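Chemist: So the sequence lines, in the order shown, correspond to chains A and B.
Throughout the first sequence, residue numbering follows the numbering used here, covering 993 to 1161 in sequence.
Throughout the second sequence, residue numbering follows the numbering used here, covering 74 to 359 in sequence.
Every residue, glycine too, gets a C-beta built ideally from N, C-alpha and C.
Treat the numbers as computed from the prediction; the structure is a model and nothing was measured.
Below you will find the structure I want to go over with you.
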Amino acid sequence: MIEVVRFIVGGLFFALIQTLIFKEVNIAWWIKPMPYVYLFLILPLSSNRFGVLIGAFFFGLTIDAFGGSLGMHTAACVTTVFVKYYIDLYFLDENSMQLQGMRYMQIDYKGWQWYAIYSFAILLTHHLVFFIFDYFSWSSLFTILFVSVCSAFISLLFIQIFRLLLGHK
Amino acid sequence: MLVIFRWIRNQAYPLLYVLLLLSAVTQIFRYHFYQHSIYFGHALGIHRSIDVWRSDITSYFKLRTTNEQLVKENGLLRNQLNWNLTSNSPKGASTYKDTFTKTLIKYEYIPARVIRNSVNEQNNFIVLDRGYKDGIKKHMSVICPMGIVGVVVESAAHYSLVMSVLNSKFEITPYFYNLKISQGVISWNGDDPNYVELEEVNRFVKLKNGMKLYTSNYSLLFPAGIPIGTIEKSESNLKSNFYSIKVKLATDFSQLDVVTVIKNIHQNELDVLNQIIPTEEGGAND
C-alpha cells in the first residue's frame, strides 16, 4: 500500500516537472523530452498488470490535464505499459531477477548495453505513439520517426540524470 | 455463451488496453481541432466511398426495373407527340382519349421484353413475353428505342411472335427525311444482319450517303417517323431506272431487350380497308 502511495506521489511529481519544466524546455524543435517514462521503468515486475494499466491511464490523464494535451500522453502511457508487459514477459527472467534482489530491470542484470536497449525500446514506444497522434499525418511518417528517436534519446539522458539524483541502480 | 465469457476472461488484459486507448483517442479527436478535422475528413471520405459503392451496386440490381419504368414513360411521352394525335375527329373519338393527357390519340404503346431472338436465319422471328391478354394482336408493329423491329404475326395468351425486319418476307417503304419523299421498298437479303437493301428508288432522285430513313406516313402498320436506318451506299446504272441502295439498320438486332408494341386504335377500320387491297400471300408488307 505504501508503495502504491509512493508511486502516486512520484507520478504527481513527474507530471508536474513534465508540464512545468520539460514541456517548456526548447532544446530544438524536433526534441520533446518526456523522461517521466522512468516511472514505468522502475515499476516492480510483480505489480498487478491491470492495476498498472489503469494507473498509467490516470497518470497520462493527469499530465494531459496539466499540459492541455488531452488524450495524447494518456494514449502513449497506456500503450507503453501494455507493450512493456510483453517485453518483460519475453525478455526478462523474473525469478532470476528476484534471486538477484532486483524488482525491476537494472544495469546489474545484464550490463549497461542491455539496460540501454531495454529502456530505449520502451521510451521509443511511448514517444512514437505520442508523436503519431501529435503529427497525425501519413506524409509526416519520417518526421515522426526522426523526432521520436531524437526525443527518446534525450529522454534517456535525462533518465540517467534522474537515476543518479535518486540514487537508483 | 460460456465460451464467450471464457474468451473475455482470457483476453481481459488486451481488452482493457483497447478500452483505455479508445478512451484516450476519443479525447484526442474531441479536443484537438487538427486531429479532429483530419479524422472526420477521412471518415467522411470513407463514408462517401462506401455510399458510392453501395449506390453503384444497388443501381445495377435496379437496372431492369429502371429500364421498364423508362419504357413506360416513353410510351406516355409518345402519346403526347403531335404525330400520334388523330388528324380527324371520328365519331366516338372521345373514347380514345389518353387517360394521362386527355388528348385524342391514334396509338397506344405496350412495353414487352424479348425472350427469344435470332439473326442468323433466312427468316428471323422474335418472341415477346406479352400476348393477347396484354392487348397484343396480329399486325401490330414493334419498335425499340433504336428503331423499327418488326410486326406481330401471331399472338398467344402470354406470348407473341414477331416477324423481324431481318426476314425475307418483311417489306417497308421508307421516308427520306432530307428529300421529304416516300419511295422504294426495304427488304433483307439474308446476308448481314446490320444491313438491308432498298430498291425501286428512282435513279433521278438525288441521294447522298448518310441520308436518314424513317417510317413513312403511308405505312398502315408503323407510325410515321420511326428510324429505319441510314444510306450506306447507293449505286445506279444506265441499264436500270432504279438505284441499288445499301441501308445500315438503326436497330442492332443482336442487342434487343426491351421493345414497344404499337397498337393502332383504328386498326379494325384499317383491316377492313386492307382486305380490299390485294397483298402478297404470307407477306407482312405495308
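I believe B:Ala230 touches B:Lys206 by the beta-carbon criterion, under 8 Å. Please report the beta-carbon distance rounded to the nearest angstrom.
Modeler: 5 Å
Chemist: In angstroms, rounded to a whole number, what distance separates the CA positions of B:Phe198 and B:Ser237?
Modeler: 5 Å
Chemist: Return the CA-CA distance between B:Val320 and B:Ile350, expressed in angstroms with no decimal places.
Modeler: 28 Å
Chemist: So if I threshold CB-CB distances at 9 Å, which residues from the segment 1038–1058 of chain A count as touching chain B?
Modeler: Arg1041, Phe1042, Leu1045, Ile1046, Ala1048, Phe1049, Gly1052, Leu1053 and Asp1056
Chemist: Measuring CB to CB, does B:Phe315 end up less than 8 Å from B:Glu273?
Modeler: yes
Chemist: Against chain A, with Cβ distances strictly below 8 Å, would B:Ile111 count as a contact?
Modeler: Interface residue, yes.
Chemist: Pop quiz: A:Leu1033 and A:Arg1095 are said to be a contact at Cβ under 8 Å. What is the actual Cβ separation, rounded to whole angstroms?
Modeler: About 12 Å separates the two Cβ atoms, so there is no contact after all.
Chemist: Less than 8 Å between the C-beta atoms of B:Leu271 and B:Ile318, yes or no?
Modeler: yes
Chemist: Touching or not, the segment 1061–1068 of chain A and the segment 97–106 of chain B, by the rule of three or more beta carbon pairs under 8 Å?
Modeler: yes
Chemist: The segment 1129–1155 of chain A: which residues have C-beta closer than 9 Å to a C-beta of chain B, in chain order?
Modeler: Ser1129
Chemist: Counting contacts by CB-CB distance shorter than 8 Å, is A:Leu1062 in contact with chain B?
Modeler: yes
Chemist: How big is the Cα-Cα spacing for B:Leu89 and B:Ser96?
Modeler: For B:Leu89 and B:Ser96, the distance between alpha carbons rounds to 11 Å.
Chemist: Excluding the 5 residues flanking A:Leu1115 on each side, which residues of the same chain have their C-beta closer than 7 Å to its C-beta?
Modeler: Counting only Cβ-Cβ distances below 7 Å, and skipping sequence neighbours, we find Val1029, Ala1144, Ser1147 and Leu1148.
Chemist: Check whether the Cβ of A:Val1017 lies closer than 8 Å to any Cβ atom in chain B.
Modeler: no
Chemist: Distance, Cα to Cα, B:Asn275 vs B:Tyr248?
Modeler: Distance between B:Asn275 and B:Tyr248, taken at the CA atoms: about 14 Å.
Chemist: Curious, which full-length alpha helix (DSSP H) runs of at least 4 residues does the segment 1119–1147 of chain A contain?
Modeler: For the segment 1119–1147 of chain A, not one full-length alpha helix (DSSP H) segment reaches 4 residues or more.
Chemist: Check whether the Cβ atoms of B:Asn190 and B:Ser241 lie closer than 8 Å to each other.
Modeler: Contact flag unset, no.
Chemist: For B:Ile259, which residues does DSSP report across the bridge?
Modeler: B:Ile245 and B:Leu271
Chemist: Identify the contact partners of A:Ala1067 in chain B, using a Cβ-Cβ distance below 8 Å as the criterion.
Modeler: Leu94, Ala97, Val98 and Ile101
Chemist: Tell me which same chain residues have a C-beta within less than 8 Å of the C-beta of B:Thr246, skipping the five on either side of it?
Modeler: Contacts found: Ser255, Gln256, Gly257, Val258, Ile259, Ser289, Tyr291, Ser292 and Asp359.
Chemist: Where does B:Trp261 land, buried or exposed, given buried means 16+ other C-beta within 10 angstroms?
Modeler: buried
Chemist: Can you round the beta-carbon distance between B:Phe295 and B:Ser214 to whole angstroms, since I take them to be within the 8 Å contact cut?
Modeler: 4 Å
Chemist: Roughly how many angstroms lie between the CA atoms of A:Gly1002 and A:Ala1057, to the nearest whole one?
Modeler: 17 Å
Chemist: Does the beta carbon of A:Val1070 sit closer than 8 Å to a beta carbon anywhere in chain B?
Modeler: yes
Chemist: Just checking: is the beta-carbon of A:Phe1125 within a distance shorter than 8 Å of some beta-carbon in chain B?
Modeler: yes
Chemist: Does B:Lys89 come out as helix, strand or coil in the three-state DSSP assignment?
Modeler: Correcting the residue identity first, residue 89 of chain B is Leu in this sequence and not Lys. In the structure shown, B:Leu89 sits in a helix (DSSP, three-state: H, G or I).
Chemist: Can you grab the Cα-Cα spacing for the pair A:Asp1100 / B:His115, in whole Å?
Modeler: Looking at the two C-alpha atoms, the distance is approximately 49 Å.
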